[in-house]
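In the UniProt record's numbering, the protein residues as written are 1 to 593.
Cβ coordinates follow ideal geometry from the N, Cα and C atoms, glycine included.
Here's the structure, in structure tokens; my notes come after.
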């Protein structure tokens, strides 16, 4: 049943109320007491399927049977359980359990060993895990737990009974359940009460949560308002996790404003604070953010190192579902921006299994979106379009922050399908929702037979240092070469190709290499070197087919056929045109009659 928290609270008429705020979230059982409620009166009963840790009775029960524990061993267990979402450092455990007491070397290790032995004798292995050079963590697999249906949400008074850590857990569980909007009113009320009580740090933490939620719901002005309020409340306060989560949010603001240097500094601060506080969520969020920004800055080796390290952390399941979902999404998104479809497929499979393990969560809509992107690459356009349209409905309701990206993906699928009007609508909607689709709109203009207009648009996007060009730099540069060559600006095409050749890391995936090979052939054709261009396009077709990407292979065959026909090789041109048409029909591409 996961965690059960029992708060001693005064209720009228000695009533007992039970609230289950969200899917898989702990029961909130408000027991009867007399007098004024105080956080110092808080007692807890922790239940994990067949394990119960009863703080009021100071008793551990496994399968209902009490297990004898020495007093300090029980205190050790309680501290690990209360902080089970993270690795607890050894020094923290010593301070918490042996306060103001000198202990011999090895006392903590012996206590951990006794605790493990107790669980093992009761048939519960691997409940206490060691993380070398970091500490210990209470781990329990909730896969077999019953799914708890959601009940009405708690009010602000009930939220004030939670410590900051429990408040964060509650907020994150409601978020991963796709119900962020239900958090806002009680958190705002709690904030007002904390300000009245003079609890500035707790008020800052509540403001931080509100800033995150408002950003997820695309309320940029309110999000920044809560962000600045939290910053002001933390002035002259010692560094803490509030600053870390604020820095993480600040880095997102900076990316949205295309200020990558500020974003990188805030991401590095996020990671450093998380590492200092042994907060695995915060440290890994900072790490994956550093990787993303290095990718945008074309620092590919350091970007990949940071992203892979973040991936190892989430695969090890040492993160909360909230952080794990964000990091999986970032890993898949960065793979897609680099056209690294093999890695994207692998991470998507892991993301899906991870989500299935946790039960119904709002990230499942993102899983479907990532799968749909891969279906487009594989030429399964009808299936991809259907999936993306379903995702639009799901994510508009539960994750509106990503709605613009869904429309961009739909536009790419419709463009591949040959539905130019539909693609125009999708990319326009993307821009209206605050996302950048300038690269895709330039590609659309080229597909409409307007290379000069396409060049004007893409050149403007590069001049503006646009997000679409930064985040997909290898792809954007390749398309710039093609568009410039088609528009007759051969100097620009040569200059751009030279930039790519000088930075091979920019095109270090098979798909990007195929794009550049095709772009090189396009420039060669524009220079009048037909034989070399034909050879280049043939090689490009082979590269696309080797990757299982039939649509770009067919598009390249069309271009190859045009060159062959112009060179007097009518029969060879017919073969290429026929192969392209067959691939288009199989994929559901609209073919002009």
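TODO: Grab me the residues of residue 534's own chain with a C-beta within less than 6 Å of its C-beta, minus the 5 sequence neighbours each way, in chain order.
DONE: 563
Task: Inside the region 517-542 only - alpha helix (DSSP H) runs reaching at least 4 residues - done: none
Task: Rounded C-alpha distance that separates residue 235 from residue 227 - done: 13 Å
Open item on the list: Give me the DSSP bridge partner(s) of residue 47.
Closed with: 52
Task: DSSP bridge partner residues for residue 248 (one or two, in chain order) - done: Residue 248 is not bridged to any residue.
Open item on the list: Does residue 218 come out as helix, strand or coil in the three-state DSSP assignment?
Closed with: coil
Open item on the list: Taking the straight line between their C-alpha atoms, what separation do you get for residue 472 and residue 516?
Closed with: In this structure, the alpha-carbon of residue 472 lies about 13 Å from that of residue 516.
Open item on the list: Output needed for residue 283: all residues of its chain with C-beta closer than 7 Å, excluding positions within five of it in sequence on either side, in chain order.
Closed with: Short of 7 Å from the beta carbon of residue 283, and not among the five residues preceding or following it, lie these beta carbons of its own chain, in chain order: 271, 274, 275.
Open item on the list: Going by DSSP in three states, residue 66 sits in which element: helix, strand or coil?
Closed with: strand
- [ ] Quick one: using the 10 Å Cβ neighbour count with 16 as the cut-off for buried, is residue 338 buried or exposed?
- [x] A residue is called buried when at least 16 other Cβ atoms come within 10 angstroms of its Cβ; residue 338 meets this threshold and is buried.
Task: N-terminal and C-terminal residue of the alpha helix (DSSP H) that residue 73 is part of - done: Per DSSP, residue 73 belongs to the alpha helix (DSSP H) from 71-82.
- [ ] Answer with buried or exposed for residue 22, where buried requires no fewer than 16 other C-beta atoms within 10 angstroms of its C-beta.
- [x] Caution is warranted here: a pLDDT of 28 is assigned to residue 22, below 50, making its placement in the model unreliable, and no coordinate value can be reported.
Open item on the list: As a quick exercise: from 574, 195, 431, 248, pick the residue whose alpha carbon is nearest that of residue 323.
Closed with: 248
Task: Distance between residue 530 and residue 382 (C-alpha atoms, nearest Å) - done: In a straight line, the C-alpha of residue 382 is about 36 Å away from that of residue 530.
- [ ] Label residue 547 either buried or exposed according to how many other C-beta atoms from any shown protein chain fall within 10 Å of its C-beta, with 16 as the threshold for buried.
- [x] Its Cβ being crowded by 16 or more others within 10 Å, residue 547 is buried.
- [ ] Report yes if the C-beta distance between residue 395 and residue 387 is below 8 Å; otherwise report no.
- [x] no
TODO: Could you pull the start and end residues of the alpha helix (DSSP H) that residue 86 belongs to?
DONE: Bounds of any alpha helix (DSSP H) do not take in residue 86, whose DSSP letter is neither H nor E.
Task: Bridge-paired residues (DSSP) for residue 130 - done: 136
Task: residue 604 to residue 354 span [Cα, whole Å] - done: In the structure as shown, the chain starts at 1 and stops at 593, and residue 604 therefore has no counterpart that could be examined.
Task: Whether residue 46 touches residue 81 by CB criterion (8 Å) - done: yes
Task: Assigned secondary structure, residue 61 (DSSP; H/G/I helix, E/B strand, else coil) - done: strand
TODO: Pick helix, strand or coil for residue 336, following the three-state DSSP scheme.
DONE: helix
Open item on the list: I need the straight-line Cα distance from residue 51 to residue 118, nearest angstrom please.
Closed with: 12 Å
Open item on the list: Does the region 449-466 come into contact with the region 419-432, if we say contact requires no fewer than three beta-carbon pairs (one atom in each stretch) closer than 8 Å?
Closed with: no
Open item on the list: For a quick check, are the C-beta atoms of residue 413 and residue 384 less than 8 Å apart?
Closed with: yes
TODO: Would you grab the beta carbon distance between residue 581 and residue 591 for me? Rounded to a whole angstrom, and I think it's under 8 Å.
DONE: 7 Å
Task: Alpha-carbon spacing of residue 241 relative to residue 498, whole angstroms - done: Cα-Cα distance, rounded: 46 Å.
- [ ] Name the two residues that bound the continuous alpha helix (DSSP H) containing residue 237.
- [x] Careful: residue 237 lies outside any alpha helix (DSSP H) and carries neither H nor E.
Task: C-alpha distance - residue 442 paired with residue 494, whole-angstrom precision - done: 19 Å
- [ ] Report the three-state DSSP secondary structure of residue 496 (helix, strand or coil).
- [x] helix
Open item on the list: Buried or exposed, going by whether 16 or more other CB atoms sit within 10 Å of the CB of residue 102?
Closed with: exposed
Open item on the list: Between the alpha carbons of residue 445 and residue 397, how many angstroms are there, rounded?
Closed with: When the Cα atoms are used, residue 445 and residue 397 turn out to be separated by approximately 32 Å.
TODO: Identify, in the order they occur along the chain, each residue of the same chain with its Cβ nearer than 8 Å to the Cβ of residue 268, setting aside the five sequence neighbours on each side.
DONE: Cβ neighbours of residue 268 within its own chain (closer than 8 Å, five residues either side excluded): 286, 290.
Open item on the list: Taking a contact to mean a Cβ-Cβ separation below 8 Å, would you say residue 209 touches residue 187 in this structure?
Closed with: yes
Task: Member of 330, 238, 298 whose CA lies at the smallest distance from the CA of residue 309 - done: 330
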